[in-house]
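Enquirer: Protein chains in written order, with the working numbering: chain L, 1409 to 1729; chain Z, -2 to 278.
The beta carbon of each residue, even a glycine, is placed where N, CA and C say it ideally should be.
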Amino acid sequence: MSKLFLDFEKPIEDIYVQIEKVQKLGETQRVDVSEQVALLEAQIETTTQKIYADLNGWQRVQLSRHPERPYTLFYINELCKGDFLELYGDRCHGDDKAMVGGFGNLDGQTVMFIGQQKGTTAKTRQYRNFGMPNPEGYRKALRLMKLAEKFNKPIVTFIDTPGAFPGIEAEERGQAEAIARNLFEMLRLKVPIICVIIGEGASGGALGIGIGDRLLMMENTWFSVISPESCSSILWRSWDFKETAAEQLQLTAEHMKKYGIVDAIIPEPLGGANRNPTLAAEIVKKYLLEHLQQVQKEKPQARLQKRIEHYASIGHFKTSS
Amino acid sequence: MSWFKRITSGINTQTSQKKEVPDGLWFKCKKCRFTGTQKELSDKLFVCPSCGTHYSLSAQQYFELLFDEEKFEELFNNIEPEDFLQFSDLRSYKTRIAEATEKTGLKDAVRVGKGTLEKQAVVIVAMDFGFIGGSMGSVVGEKIALAIDYCIKHKLPLIIISKSGGARMMESAFSLMQMAKTAAKLTQLAEAQLPYISLLTDPTTGGVTASYAMLGDVNLAEPNALIAFAGPRVVKETIKKDLPPGFQRSEFLLEKGFLDRVVPRQKLKAELGQILSFFAH
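#1: Using a Cβ cut-off of 8 Å, pull out every chain L residue sitting near residue 245 of chain Z, in sequence order please.
#2: Give me the Cα-Cα distance between residue 169 of chain Z and residue 1541 of chain L, rounded to the nearest whole angstrom.
#3: Hey, residue 1480 of chain L and residue 1523 of chain L are a contact pair by Cβ (cut 8 Å); roughly how many whole angstroms apart?
#4: Can you check DSSP and say which residues form a bridge with residue 1571 of chain L?
#5: Residue 1711 of chain L CB to nearest chain Z CB: under 8 Å?
#6: Please report how far the alpha carbon of residue 58 of chain Z lies from the alpha carbon of residue 245 of chain Z, in whole angstroms.
#7: Can you give me the start and stop residues for the beta strand (DSSP E) that residue 108 of chain Z sits inside?
#8: What are the boundary residues of the alpha helix (DSSP H) that residue 169 of chain Z is part of?
#9: Show which residues of chain Z have a CB atom less than 8 Å away from the CB atom of residue 1667 of chain L.
#10: Does the beta-carbon distance from residue 273 of chain Z to residue 114 of chain Z come in below 8 Å?
#11: Would you call the CB atoms of residue 1564 of chain L and residue 1696 of chain L closer than 8 Å?
#12: Measure the beta-carbon distance from residue 101 of chain Z to residue 69 of chain Z and round it to whole angstroms, keeping in mind my assumption that it falls under 8 Å.
#13: Once DSSP output is grouped into helix, strand and coil, what is the label at residue 222 of chain Z?
#14: Work out the CA separation of residue 1508 of chain L and residue 56 of chain Z for me, nearest whole Å.
#15: Along the chain, which unbroken stretches of the alpha helix (DSSP H) at least 4 residues long are found entirely within the segment 121 to 165 of chain Z?
#16: Are the segment 1413 to 1420 of chain L and the segment 1428 to 1443 of chain L in contact at 8 Å, needing three or more beta carbon pairs?
#17: How close, in whole Å, do the beta carbons of residue 124 of chain Z and residue 160 of chain Z come, if the pair is a contact with beta carbons under 8 Å?
#18: CB residue 63 of chain Z to CB residue 118 of chain Z, shorter than 8 Å?
#19: Mind checking who residue 72 of chain Z pairs with in its DSSP beta bridge?
#20: If you compare alpha carbons, which of Z:184, Z:175, Z:223 and Z:208 is closest to residue 198 of chain Z?
#21: Using a beta-carbon distance below 8 Å, is residue 36 of chain Z in contact with chain L?
#22: Is the beta carbon of residue 1672 of chain L closer than 8 Å to that of residue 1487 of chain L?
#23: Do you know offhand how far residue 1701 of chain L's Cα is from residue 1459 of chain L's?
#24: Determine the closest residue to residue 175 of chain Z out of Z:151, Z:194, Z:196 and Z:206, with distance taken between C-alpha atoms.
#25: For the putative contact between residue 1658 of chain L and residue 82 of chain Z, defined by C-beta atoms under 8 Å, what is the C-beta separation to the nearest angstrom?
#26: Skipping 5 residues on each side, what residues in its chain have a beta carbon closer than 7 Å to that of residue 1549 of chain L?
#27: In whole angstroms, what separates the C-alpha of residue 73 of chain Z from that of residue 109 of chain Z?
#28: So what's residue 1594 of chain L in DSSP terms, helix, strand or just coil?
#29: Can you tell me whether residue 1440 of chain L is buried or exposed, with buried defined as 16 or more other CB within 10 angstroms of its CB?
#30: For chain Z, is any of its Cβ atoms less than 8 Å away from the one on residue 1719 of chain L?
#31: In angstroms with no decimal places, state the Cα-to-Cα distance between residue 1533 of chain L and residue 1610 of chain L.
#32: Please report whether the beta-carbon of residue 164 of chain Z lies at a distance below 8 Å from any beta-carbon of chain L.
#33: Which one or two residues does DSSP pair with residue 193 of chain Z in a beta bridge?
#34: Note down the Cα distance separating residue 1723 of chain L from residue 1666 of chain L, rounded to an integer number of angstroms.
#35: If the criterion is Cβ atoms closer than 8 Å, does the pair residue 1469 of chain L and residue 1681 of chain L meet it?
#36: Does any CB atom of chain L fall closer than 8 Å to the CB of residue 139 of chain Z?
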C-alpha cells in the first residue's frame, strides 16, 4: 500500500491491511477470495464515510497538510488542461518559488492564475520554501494581477500557505509592507477576483492574495489568524494544545461559512482531495466557473463597491448607548 | 579588601526617622540607568534626558501631546469588545477583556480623538498597548472604520498611531479580517484624497504592520521602535542565528526604505503640523 494514512484514519488502514492479507492467502492457498475482498472494500467505503462525516478542526488541519494533497500548479494545469503559461518574477528583486502565477485558458477564457506553491518531494519542498512566500512573492502576485487588470482578465488565486516567511531577508525587504500593499491594491482591482483556499490558510500570508469578490474554501482546509500550533505555544505556553487551539479558533470551512467569511464550501472526494486529485480539480472547476460567471455579470463599479462594503462590514462588537 | 569596616551590624535607623519616598517620584532609565525625577521625565515627553530612549505613551498621553492645548473630543467611545466565539485558553477571553478594562480603564486597544494640531483640524486614532498588548480585534477595526468615515464626512486628515502586538488571537478569523477591513476603509479615504499619516511606535508588529500601519501616505516612526511583521523571537527561531543589532528597529526600516522619516518625540508635533500643512496648501 503506498497510501499514507493519518492517525484518525487508522480503522481504514486496518481494513487495507486485512485485504492484503486475504489476497496473499488467496494466492498461496489458490482459493477464490474475491468475495471477501469485495466485502472488505465495501467496509472501507462505509468506514471512511463514517470517519469523514464528523471531522474536528485539528483533523481538517492535518488533511490540509496531507503530503499527497494536490497543490496550486496541479489545479491550474487540470483546470486549463495544460493550456497555462507560467510567468516569473516581481521586476524588483527576484522570482519567488513559493508563489506561482501566469495566464491560463479556462474553458475558452483567459484567466490570471496566482497561488502559493508547495513541493512534493523533500528537495522541491525546500525549493518552494514550504509554500511560505517572501515579499517578492507578494509583489510578483501584485504585478501579475495588475497585468490582468490592464487587459481586463479575471483573477483566480489559490491559497495554500502555513504563513508568509518569517526570515531575516523577508523582514528586510518589507514582508509587512508587501502584504499591506496587496490588501490595498486587491481591494481596488477593477477585474473580478475569486480566491480559493485549497490547503492551509494561515494569517496575513494567506490574506496577502486572499482579497476578492468571492472567497471559496475546500472542505478540508482551514483559515485562521494563526496556526493552531503557534496559538497553543503563545496562549497555552506549550506546543501540546494544538487540538484544543484548533477547536477554539473555529477555523474550519463550516465555521467560516457560518460566520459569513467565505461564500461557499467546495466539497472534496471521499477521504480528501489527496484520494482523488483529478476529481477534486473537477469539482473546483465547477465552483470556479459558477462564481466567476456570477461576478462577471456585475458592473465593475458595483462589484468594487460590494467588495469594499463586504470587508468593511466584518467584525463583532457591542455598541453601548 | 575594603577601606571601611562596618563595626555594628543591622539597620540602626529608627522606623520613626525613616524618610518616606513616595512611589513614582523617581525614575531610572532601563537602558542607561540614568536616574532623575518623574517630573524631569514627563517634562521631556517621557524621553530619557540622558540616552534618548523613548518610553511608551498611552493614547491619552499622545492626545495631550499632539492636540492644541491638550483639548480634544473623544469619538466612538461606545464601541466595546464582544466575545463572539466564546474563546477560552488558560483564561477566557471574557475574563481577559474584564481584566484589561479594569487595569487600563479603557474599552479596547484604540481611542479616537478629534481636535486641532497646530491649528489644523485632524482626527487622531491612537492605540494603547496596555489593553491585551494593543491587539487588533473587531473593535480596533470598527473604530478605525468609523474614524475614516468621519474624516470623509468632514474632509479631515487622519493620523493613526500604531502600537500593537498584532491581530488578537481570541477573535480568530474576525481579527484577521480586520486587516482587510481597515485596508478597505483606507481605499475610501484615498479615493476622497484625504491624507493619512501613519506613526509607528514601539512596538508595531504582525497584522497591524501588515495592514494600516504600512499604508500611510507618509509613514513616520519614533526612534528605535520595534517594527516588524514577524517578531524577533520568531525570526530567530526560524533562522536559528542571532539577529544583527538594530534589526527591525525604526532606523533599520528607514534605511531599507519603508519609512519616510524617523521623528524624535520632541519634534513630533511640529513635523506632523508641517506635513498636514503641506497637504492642505
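Expert: Looking at the atomic coordinates:
#1: Using a Cβ-Cβ cut-off of 8 Å, residue 245 of chain Z is close to 1579 of chain L, given in chain order.
#2: Near 22 Å, if we compare the C-alpha coordinates of residue 1541 of chain L and residue 169 of chain Z.
#3: Indeed they touch by this definition, with Cβ atoms about 3 Å apart.
#4: DSSP lists no bridge partner for residue 1571 of chain L.
#5: Chain Z, which has no Cβ nearer than 8 Å to the Cβ of residue 1711 of chain L, makes this no.
#6: Between the C-alpha atoms of residue 58 of chain Z and residue 245 of chain Z there is a straight-line separation of about 25 Å.
#7: Note, residue 108 of chain Z: beta strand (DSSP E), 107 to 114.
#8: In this chain, the alpha helix (DSSP H) harbouring residue 169 of chain Z covers 169 to 188.
#9: What residue 1667 of chain L touches in chain Z: 170 and 171.
#10: Inclusion of residue 273 of chain Z and residue 114 of chain Z in the CB contact set at 8 Å is warranted, their separation being smaller than that value.
#11: Their beta carbons are under 8 Å apart, which means residue 1564 of chain L touches residue 1696 of chain L by this criterion.
#12: The C-beta distance from residue 101 of chain Z to residue 69 of chain Z rounds to 18 Å, too long to meet the 8 Å contact threshold.
#13: In this structure, residue 222 of chain Z counts as coil in the three-state DSSP scheme.
#14: So the two alpha carbons sit approximately 42 Å from each other.
#15: If only uninterrupted alpha helix (DSSP H) runs of at least 4 residues are considered, those enclosed by the segment 121 to 165 of chain Z are 135 to 151.
#16: Result no; under three Cβ-Cβ pairs closer than 8 Å.
#17: Indeed, because the Cβ distance is near 5 Å, the residues count as touching under 8 Å.
#18: Not closer than 8 Å, so no.
#19: Residue 72 of chain Z pairs with Z:109.
#20: When each option's Cα is compared against that of residue 198 of chain Z, the closest is Z:223.
#21: So no, residue 36 of chain Z is outside the interface.
#22: No, the pair does not count as a contact, with Cβ atoms beyond the cut-off.
#23: One C-alpha to the other measures close to 35 Å.
#24: In this structure, Z:206 is the residue among Z:151, Z:194, Z:196 and Z:206 with its C-alpha nearest to the C-alpha of residue 175 of chain Z.
#25: By a beta-carbon distance limit of 8 Å, residue 1658 of chain L contacts residue 82 of chain Z. Their separation comes to about 6 Å.
#26: Once the five neighbours on either side are set aside, the close Cβ partners of residue 1549 of chain L are 1507, 1509, 1522, 1590 and 1617.
#27: Straight through space, the alpha carbons of residue 109 of chain Z and residue 73 of chain Z are spaced by roughly 7 Å.
#28: Residue 1594 of chain L falls in the helix class under three-state DSSP.
#29: Taking every protein chain shown into account, the CB of residue 1440 of chain L has fewer than 16 other CB atoms within 10 angstroms, so this residue is exposed.
#30: Yes, residue 1719 of chain L lies at the interface with chain Z (some Cβ there is under 8 Å from its Cβ).
#31: Here the alpha carbon of residue 1533 of chain L sits roughly 18 Å from the alpha carbon of residue 1610 of chain L.
#32: At least one chain L Cβ lies under 8 Å of residue 164 of chain Z.
#33: Residue pairing for residue 193 of chain Z: DSSP places it in a beta bridge opposite Z:155.
#34: Distance between the alpha carbons of residue 1723 of chain L and residue 1666 of chain L: 14 Å.
#35: Between residue 1469 of chain L and residue 1681 of chain L, the CB-CB gap reaches or exceeds 8 Å.
#36: Yes, its Cβ sits closer than 8 Å to a Cβ of chain L.
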